[in-house]
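Student: 1 is the number of the first residue of the sequence shown in full-length UniProt numbering; add one for each residue after it.
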Amino acid sequence: MADSIDMAQQRADELLARNIASVVNRPVSVAASFCEDCDAPIPEQRRRAVRGVTRCVSCQDMAERYAKVSKVGAV
1 MADSIDMAQQ
11 RADELLARNI
21 ASVVNRPVSV
31 AASFCEDCDA
41 PIPEQRRRAV
51 RGVTRCVSCQ
61 DMAERYAKVS
71 KVGAV
């Protein structure tokens with residue numbers, strides 16, 4: 001007979017399996033050919049390396065820096 005610890009472990013295992021399946025089976029967006037910010041072409045090598053890429057390297061760098069500064073400023 002299963003005790004509460006066994007049932008909790010089984011539930012945790014089920015949740016983990018469900019979460020892994022949702023990530024593995026998540027649809028992948030198509031990579032953009034042109035940057036959504038500056039309309040520059042995104043190199044094929046970058047589109048292959050980064051799933052669902054929508055920005056060129058320069059614009060992505062600026063977006064990440066802005067997000068980081070905004071996050072720090074919000075504290």
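Yeah, the Cβ is synthetic: ideal placement off N, Cα and C, and Gly gets one too. Bear in mind that the values here come from a model prediction, so they are computed numbers and not experimental data.
Just to confirm my understanding: we take residue 33, look at its own chain, exclude 5 residues before and 5 after, and list those with CB closer than 8 Å. What are they?
Tutor: Once the five neighbours on either side are set aside, the close Cβ partners of residue 33 are 41, 42, 47.
Student: Return the first residue and the last residue of the alpha helix (DSSP H) that residue 13 is part of.
Tutor: Here the alpha helix (DSSP H) through residue 13 covers 4 to 24.
Student: Enumerate in chain order the residues of its own chain whose CB-to-CB distance from residue 70 is below 7 Å, with the five nearest sequence positions on each side excluded.
Tutor: Nothing meets the Cβ criterion.
Student: Looking only at its chain, what residues have a beta carbon closer than 6 Å to the beta carbon of residue 63, apart from the 5 residues adjacent to it on each side?
Tutor: Nothing meets the Cβ criterion.
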